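Working notes for the structure below.
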Amino acid sequence: MGEVDWGFIVEQTFIQALGLNAAVYAIAAIGLNMHFGYAGLLNFGQAGFVAMGAYGMGIAVNQWGLPVWVAVLMGMLFAVVFALLLGIPTLRLRADYLAIVTIAAAEIVRLVARSTSLRDITRGAEGLNEFIGPFREFNPFDPSATYGIGFVQYRGNAFFAIIIGWTLAALFVLITWLLIRSPWGRVVKAIREDENAARALGKNAYRFKMQALIIGGVMGGFAGMVDAVGKATVQPDFFQASLTFFFWLVLILGGVGRVWAPIVGSMMYWGLITFVQNTGRQLVDNGVIQTTIMDVNQIDQIRYWVVGGALALLMVYRPQGIFGSREEMALDAR
Amino acid sequence: MPGRARIVMLFITSILFLVIPIAGALAQESESVTTTITVADETGERVPLEGVSITVTDSAGAEVGTGTTDATGVFMLPVPGAGTYTMLLDEATLPEGVVVANPERNPATVIVEVGQTRATIFALSSGEDDGRGPAGVTVRQVSQLTVEGIKFGLFIAMAAIGLSLIFGTTGLVNFAHGELIGWGMLMAYFFNFYGLAGVFGWMAGWPAPFGDGVNVIFAALLATILGGALGWLLDAAIFSKLRARGVGLISQMVVTIGLSLVLRYVFLFAFGGSPRFYQQYTAQTAIQIGIVDITPKDLVLSVLSALILVGVGLFLVLTRWGKAMRAVSDNRDLAESSGIDVQRVIRLVWVMGAALAALGGTFDALAEQVRWDLGFRILLLVFAGVVLGGLGTAFGALVGSLIVGVGIQLSTIWLPTELKNVGALVVLILVLIVRPQGLLGRKERVG
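So the sequences go chain by chain: B and F. When we follow this note's numbering, the leftmost residue of the first sequence carries the number 283, and every step to the right adds one. When we follow this note's numbering, the leftmost residue of the second sequence carries the number 1407, and every step to the right adds one.
What follows is the structure, encoded as structure tokens:
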């Protein structure tokens, strides 16, 4: 029995809202924003792109001993190849078909990566665990020290990945902003609004959609690379279908079709999840919630109720998200 | 320096000071190594092993400690700090016939980061089974796999018909259909163990079917009824409202995804993570029919599901409601203008589809195990069946599911068992590329 430690809960909430997971989810959601928010592509396989980036980079270092920069390029290459494999056959199909294909393709990536038959390359269900050394050489921070502002402190190695993560997120927001303001962005948005009209004006809709899929996919690949560097591991079961749904919630929470909204969405998502989880845990530990009603493990499951419920409710009552604009929402254009 | 700029400078320098490392300011998190020891039984299910002994040594060769796995197969040992450790599994403590699959990976090397718990995996195999079919393919093996494939295909067909008809009548891709499967399976488990109300303490002493569990056959019937009830509720409380509000189909699809997530984790909350069995018909010895071995329950379940599917087919072809369903599915506007009450037809499709999915889930769990996420696990295979047969067609869903079921089983002749579902998903994608309308669909359906 004891008091609920609100200081600790607030501290954890901020640490998570600004931490590695939030940065990774933000980057993946920025890519998803490019797909869905601007190009209108219903990508439910973003976890597959994230996996491709992480595995591309991880395999290059872990298995083939390539230098870090080559490894990052390989992570990008993997994501591009995945985008081409997905896009060439499916971008001509209707939106809901694309959803089924992308979700299936992401599952294929995960199942193949964790299979024993590819153990020599992907290390099976064990995942890649021995690639972090070369990355750590670039780490200017002392691993045994902590860094941060006020009570938001991270260890040196984590801080390094977090800095990379948020820098990339900011960079991708800038890239998205520049692209969307460019003539290219106007064509992509026009295709989202009315594909036939865009085609009648001589625009190759298929090519523009493919470019959007690749750009957003590579951003997703970078999310996987940041996650791999931050956690020093690539685990196949991290890339489950539910991961994609979390990215969707982050995107819709922040606001579809707003360049910076995924960053806010991700911080809100991780802040909310951590707050609910830690408060619940403390209430159970302190006996406020009897263990006959729920135990600590069950508290962790409640966050999925929050995620799923929020996703469904937002979609019905505020599909443009908290900061989104209704005009940018052309959900059923096709 | 003007006042404003000075304040900004002050702010920046104070941040710089805060970012200066505060070594050891935080309490040291503890490091540990962990592993979960499981082995595949004859059905391919992972079973945890208890009492397996593992010794951990540090990089200098000094022993850190020894421990054994608990009832869930989990071994966890704290280590003194970050570094490289080796974990040696004592093969003498493994059950008879179980060996380490890759002897060169025992001891396993683990690199533990500061403040991390690092997991490793020991691949175990029971005897000669290496997860891959034998090299020579026999007629007997092919027929055995075909029978198992038909059985599984029939189960997923029951779920697939509802999914396909919901898409046909409303245009909605229902990602929560897996949870309709799971709902039936878990409700059957509930009735099987607790009866109609036995979970409420004051009714505990009452006789079956109130206070005590009922036979799983009766439980499956009740689960089917409750499955239909959930289908009714979902349409009445959510999807008919969304249609009336004019919410787009893509938004409705995202709603089904959110719903699926909530329901699935409510199941986990209520049921727990470990797989369980129904009270009756768990272990049966297979009987030989011709050249195939099949357990009596699998035979009964297969025949029963085939009969139910034939019944559903006759209902769709012969009855007024069945014809109305197919008419709405074919052309909604035309059906509406010829006097069919489309909203009532859609409601019936939801009830019927959900009831069938619930029954299919119960059958599948009876043949194997009850799991909280079984529905989601087979959802993509149901999708594969529906897409293969043609989205929106009831009979296409049936044909497609059977092909998927048989295809998955037969693919294990060439593919490792763990990759069998990949084959079905690849087929799903290929069909969408080559013939997006599916085997029995009509071309204009794909816009």
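Heads up, the beta-carbon is just placed ideally off N, CA and C, and yes, glycines get one too. Computed from a prediction, not measured in an experiment: that's the story for all the values here.
Who are the near neighbours of residue i in its chain, counting only those whose CB is closer than 7 Å to its CB and skipping five residues on each side?
| i | result |
| --- | --- |
| V558(B) | I584, R585, V588 |
| Q1658(F) | L1578, F1645, L1648 |
| G1353(F) | For residue 1353(F) there is no data in the structure shown, the boundaries of chain F being 1407 and 1853. |
| P1681(F) | Q1775, V1776, R1777 |
| G1845(F) | Gly is not the amino acid found at residue 1845(F); the sequence shown has Leu there. Only L1794, G1795, G1796, G1802, V1805, G1806 meet the Cβ criterion. |
| F605(B) | G536, G537, R540, A543, V546 |
| R1538(F) | Note that R1538(F) scores 45 on pLDDT, short of 50, meaning its location in the model is unreliable; the coordinates nonetheless yield the value given after this. Closer than 7 Å at the Cβ level, and outside the excluded window around R1538(F), lie P1822. |
| I496(B) | V362, A365 |
Where does the unbroken alpha helix (DSSP H) through residue i begin, and where does it stop?
| i | result |
| --- | --- |
| Y1595(F) | 1583 to 1600 |
| E1742(F) | 1738 to 1743 |
| A510(B) | 487 to 513 |
| V1833(F) | 1826 to 1840 |
| T1630(F) | 1622 to 1639 |
| V1579(F) | Taken as a continuous stretch (DSSP letters only), V1579(F) belongs to no alpha helix (DSSP H), as it is neither H nor E. |
| D402(B) | 401 to 404 |
| E477(B) | 477 to 482 |
Report the neighbours of residue i on chain B: residues whose CB is nearer than 7 Å to its CB, in chain order.
| i | result |
| --- | --- |
| P1822(F) | S397, T398, S399 |
| P1842(F) | L375, Y379 |
| I1527(F) | A407, E408 |
| I1517(F) | N411, E412 |
| N1827(F) | L393 |
| V1793(F) | I382 |
For residue i, which of helix, strand or coil comes out of DSSP?
| i | result |
| --- | --- |
| P1454(F) | strand |
| Y1684(F) | coil |
| P1484(F) | strand |
| P1427(F) | With a pLDDT of 39 at P1427(F), under the threshold of 50, the predicted position of this residue should be treated as unreliable, though the coordinate-derived value follows. Of the three classes helix, strand and coil, the one that applies to P1427(F) here is coil, per DSSP. |
| T1701(F) | coil |
| S1459(F) | strand |
| A377(B) | helix |
| W1746(F) | Just to set this straight, residue 1746(F) is Ile in the shown sequence, not Trp. Note: I1746(F) maps to coil in three-state DSSP. |
| A304(B) | helix |
| V1653(F) | coil |
| R540(B) | coil |
| D614(B) | Unreliable positioning characterises D614(B) in this predicted model, as indicated by a pLDDT of 46, which lies under 50. The coordinate reading is nonetheless provided below. Looking at D614(B) - three-state DSSP - the assignment turns out to be coil, as it is neither helix nor strand. |
| V1792(F) | helix |
| V570(B) | coil |
| I1693(F) | strand |
| G1489(F) | strand |
| I1517(F) | strand |
| L618(B) | Within the shown structure, residues of chain B are numbered from 283 to 616, placing residue 618(B) beyond reach of any answer. |
| Q435(B) | strand |
| G1872(F) | Residue coverage of chain F in this structure runs from 1407 to 1853, which leaves residue 1872(F) outside it and unanswerable. |
Can you pull the chain F residues whose beta carbon is under 7 Å from the beta carbon of residue i, in chain order?
| i | result |
| --- | --- |
| L324(B) | I1656 |
| Q580(B) | F1675 |
| P416(B) | None at all; the shortest Cβ gap to chain F is about 14 Å. |
Could you pull out every residue in the same chain whose Cβ sits closer than 6 Å to the Cβ of residue i, ignoring the five residues on either side in sequence?
| i | result |
| --- | --- |
| F413(B) | G340, V343, N344 |
| T1575(F) | V1734, S1735, I1752, V1755 |
| S1807(F) | G1559, I1562, A1563, A1566, G1791 |
| G357(B) | G335, G338, M339, G503, M507 |
| F490(B) | V469, V470, I473 |
| L525(B) | A329 |
| G499(B) | F331, A361, A365 |
Can you give me the start and stop residues for the beta strand (DSSP E) that residue i sits inside?
| i | result |
| --- | --- |
| A440(B) | First-last for A440(B): 438 to 463, but that is the alpha helix (DSSP H), not the beta strand (DSSP E). |
| V1439(F) | 1437 to 1442 |
| A329(B) | Where A329(B) is concerned, there is no enclosing beta strand (DSSP E), although the alpha helix (DSSP H) it sits in stretches over 328 to 344. |
| R1524(F) | 1523 to 1526 |
| V1506(F) | 1504 to 1506 |
Please list, in chain order, the chain F residues whose beta carbon lies closer than 8 Å to that of residue i.
| i | result |
| --- | --- |
| V383(B) | L1834, I1835, L1838 |
| W448(B) | Per Cβ cutoff of 8 Å: no residues; W448(B) is ~14 Å from chain F at best. |
| V598(B) | L1648, R1651, V1653, S1657, V1661 |
Leaving out five residues on either side along the sequence, give the residues of the same chain with a beta carbon under 8 Å from the beta carbon of residue i.
| i | result |
| --- | --- |
| L1715(F) | L1560, A1563, M1564, I1567, L1804 |
| T1499(F) | G1457, V1458, S1459, T1474 |
| N560(B) | F290, I291, Q294, T295 |
| G603(B) | L533, I534, L535, G536, G537, V538, R540, A543, G547, L596 |
Taking only beta-carbon atoms, is residue i less than 8 Å away from chain C?
| i | result |
| --- | --- |
| Q583(B) | No chain C is part of this structure, whose protein chains are labelled B and F. |
List, in chain order, every chain F residue whose beta-carbon is nearer than 9 Å to that of residue i.
| i | result |
| --- | --- |
| G591(B) | G1664, L1665, L1667, V1668 |
Output, in chain order, the set of chain B residues within a Cβ distance shorter than 8 Å of residue i.
| i | result |
| --- | --- |
| F1789(F) | I382, A386 |
| V1672(F) | W587 |
Tell me which residues of the segment 1655 to 1670 of chain F have at least one Cβ-Cβ distance to chain B shorter than 9 Å, keeping chain order.
Cβ contacts with chain B come from L1655, I1656, S1657, Q1658, M1659, V1660, V1661, T1662, I1663, G1664, L1665, S1666, L1667, V1668, L1669, R1670.
The segment 1579 to 1597 of chain F: which residues have C-beta closer than 8 Å to a C-beta of chain B, in chain order?
Taking 8 Å as the Cβ-Cβ cut-off against chain B, the residues of the segment 1579 to 1597 of chain F that qualify are V1579.
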